Amino acid sequence: MNSGSVKKSVTIDADLEKVWTKISKITKLDWLNGQKSTKYLSEKKSGVGAKRLISFEDGSDVEEHIVGWKPKEYFSYIAISGLPLNAYHATISVQKSNKNTKVTWESYFASDNTKKEFDEFIEFLSNFYAQSLKNLKSGFV
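Taking the working numbering, the leading residue of the sequence shown gets 35, the next gets one more, and so forth.
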């Protein structure tokens, strides 16, 4: 079993309230790289217990469940299906930095894939986070 983590951050020239409002709308993911559509899988629309299905342009679907939620600080989620992993837990957090907001996206995961496949996935995920955060930042220009 291989395990790893990815952590990426970006500083956005916007106040924390505005950034939190954008990222906490868990099905409004226009900033997510390669995202085609996202829909709720639960009656609950935010907070712990909310569920979503993200469909990507490459035809893949990822089901995620919110497992941690502290307004204006962070939310955490787990992937239930759609990733080549046995376990995936991620947190997106916001932190005030003067007049800016720092957004950090961090995940921990495990897989039975070969070391080579796992390393390729880490590189993919790292690039995916970096591009998605860049997209998020550009939405505040």
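Backbone N, C-alpha and C define an ideal beta-carbon position, used for all residues, glycine too. Note that the coordinates shown come from a computational prediction; the quantities given were computed from them, not determined experimentally.
- Looking at the DSSP output, W139 shares a beta bridge with K42, I126.
- Under the three-state reduction of DSSP output, I57 falls in the helix class.
- Assignment of E51 by DSSP, reduced to helix, strand and coil, places it in the helix class.
- The Cβ atoms of I126 and F109 lie closer than 8 Å to each other.
- Within the same chain, and ignoring the five residues on either side of S166 in sequence, the residues whose Cβ sits closer than 7 Å to its Cβ are W65, L66, N67.
- The residue from N169, D47, V128 with its alpha-carbon nearest to that of T138 is V128.
- Per DSSP, reduced to three states, the secondary structure at L117 is coil, with no helix or strand assignment.
- In the three-state reduction of the DSSP assignment, K85 falls in the strand class, which pools E and B.
- Taken atom to atom, the span from the alpha-carbon of K78 to that of V175 is near 31 Å.
- DSSP, reduced to helix, strand and coil, places S166 within a helical segment of the structure shown.
- Each residue's CA atom was taken as its position, placing A84 and K150 some 34 Å apart.
- Rounded to the nearest whole angstrom, the CA to CA distance from D95 to T61 is 13 Å.
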